[in-house]
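Written out below as structure tokens is the structure these notes cover.
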Amino acid sequence: MMLSSILMVDDDESDLFIAGYTIRKFDPAIALLSAHNGQEALDILRAGRPDAVLLDVNMPVMNGFELLEHLALMAEDERPVVAMLTSSRVPADRQRAETFAFVRAYFEKPLRTEDMAALAGLAGSRDLERRQTGG
Numbered sequence: 001m002m003l004s005s006i007l008m009v010d011d012d013e014s015d016l017f018i019a020g021y022t023i024r025k026f027d028p029a030i031a032l033l034s035a036h037n038g039q040e041a042l043d044i045l046r047a048g049r050p051d052a053v054l055l056d057v058n059m060p061v062m063n064g065f066e067l068l069e070h071l072a073l074m075a076e077d078e079r080p081v082v083a084m085l086t087s088s089r090v091p092a093d094r095q096r097a098e099t100f101a102f103v104r105a106y107f108e109k110p111l112r113t114e115d116m117a118a119l120a121g122l123a124g125s126r127d128l129e130r131r132q133t134g135g
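Numbered according to the UniProt record's numbering, the sequence shown spans residues 1 to 135.
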């Protein structure tokens with residue numbers, strides 16, 4: 001599966017710009033959605049499902065972990081592939097993110113094209129799993 005849409009969730013405009021630039025460099029056809037906190041992201045996710053979410057940890061209103069708690073309540077086949085994209089180098093943050101089985105990657109900012117290749121591979125493998133299990 002090709003990634004057709006990605007939701008970037010970050011309160012820092014420059015980080016959103018850099019991630020968007022990298023995504024466009026990787027594949028200009030990917031539709032970009034952005035949210036500045038977990039609540040905005042949740043609203044976007046309720047309206048439709050992007051193929052993947054790049055999620056920061058530290059944000060106002062609703063942080064990344066609070067959004068993960070909401071995503072955990074969604075049906076597995078309704079949940080997008082989630083990758084953390086954060087400047088947090090706190091080991092406890094990575095460990096906490098890894099407690100959510102649907103968090104498939106933990107990238108450190110800035111987003112790199114290698115990260116995008118990994119994310120595309122994760123989305124593709126999830127798609128294959130769904131076809132094989134009928135989900």
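Even for Gly, the Cβ is constructed at its ideal location relative to N, Cα and C.
Tell me, to the nearest whole angstrom, how far the beta carbon of L59 is from that of D11; I am working on the premise that it is less than 8 Å.
First, the residue type needs correcting, since residue 59 is Met and not Leu in the sequence shown. The pair is a contact, with the Cβ atoms about 4 Å apart (cut-off 8 Å).
How is L55 classed by DSSP in three states: helix, strand or coil?
Residue state, collapsed to three classes: strand.
Within 8 Å, do at least three Cβ pairs link the segment 47-58 to the segment 86-96?
The segment 86-96 is in contact with the segment 47-58.
Within a Cβ cutoff of 6 Å, which residues of the same chain sit near H70, ignoring the five residues on either side of it in sequence?
Answer for H70: L42, listed in chain order.
Examine the ligand COA and report whether any of its heavy atoms sits within less than 7 Å of the Cβ of E69.
Looking for the ligand COA in the displayed structure turns up nothing, as the structure carries no ligands at all.
How big is the Cα-Cα spacing for A117 and I23?
Between A117 and I23, the C-alpha separation is close to 10 Å.
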